[in-house]
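Trainee: First the structure, then my questions, so here it is.
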Amino acid sequence: MPSTDFVNIEISEIAGYHPAIAHLAAQLVDHQFTTAISNLSDYAANRFLTLHPICINRYRGKNYIVGGFRSYQIAVLKFGPDSQVRCRLINSRKEIQDIAKIDILFSPLVFSLSTKVAQQTERLVGIVGRDFANEHHADLASVRAFTRVHERS
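Its first residue numbered 17, the sequence shown is counted upward by one per residue in my numbering.
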């Protein structure tokens, strides 16, 4: 297990992807979220970042992302550059590649319930409740709307 601490930093203090894994992160650019981040409530985005913090490594005096790629995208899109986010500071440089690869490969696998997105979403909405889903995500009012998002992708 890598040596980690938590730090609060402003989004603007994150310099981007760590040079050792930038090529991996670049391959995610054309992959879209299952849902539009802009539809998340600020509350839901904050809770998501609490559950899945951005992982950073300090390299040459700058903070670089080494994991939590989707969390970073949420933070950038939902909050201003002066907003503070709680990040997990990864102190072990030997772990950077593994953390990045595990995030890229296993986050979607672990969180996916099946290959059928609409059915999966309906099940998740059923678990958390339609009112909660609608309160925290503007485009989950119906599974049909969610399916249309996928058809546009």
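Using N, Cα and C, we set each Cβ at its ideal position, and we do this for glycine too.
Computed from a prediction, not measured in an experiment: that's the story for all the values here.
Hey, quick one: how far does the beta strand (DSSP E) through L105 stretch, first residue to last?
Mentor: 100-106
Trainee: Under 8 Å by Cβ, that's how I've got C103 and I70 pegged, so tell me the actual separation to the nearest angstrom.
Mentor: Contact holds; Cβ gap of about 5 Å.
Trainee: Take the Cβ of S169 as the centre, count every other Cβ of all protein chains shown within 10 Å, and call the residue buried at 16 or more, exposed below.
Mentor: Bear in mind that a pLDDT of 46 at S169, under 50, signals an unreliable position, so the model cannot answer this.
Trainee: Is F95 helix, strand or coil when you go by DSSP?
Mentor: DSSP places F95 in coil when its eight states are reduced to three.
Trainee: Between the beta-carbon of I25 and the beta-carbon of V101, is there less than 8 Å?
Mentor: yes
Trainee: Mind checking G83: buried by the 16 CB within 10 Å criterion, or exposed?
Mentor: With 16 or more Cβ atoms within 10 Å of its Cβ, G83 is classed as buried.
Trainee: How many Å lie between I106 and A61 at the Cα?
Mentor: Taking the straight line from one Cα to the other gives about 22 Å.
Trainee: Helix or strand or just coil, what does DSSP make of A41?
Mentor: helix
Trainee: Between which two residues does the beta strand (DSSP E) harbouring N55 extend?
Mentor: Element bounds for N55: n/a, residue is neither H nor E.
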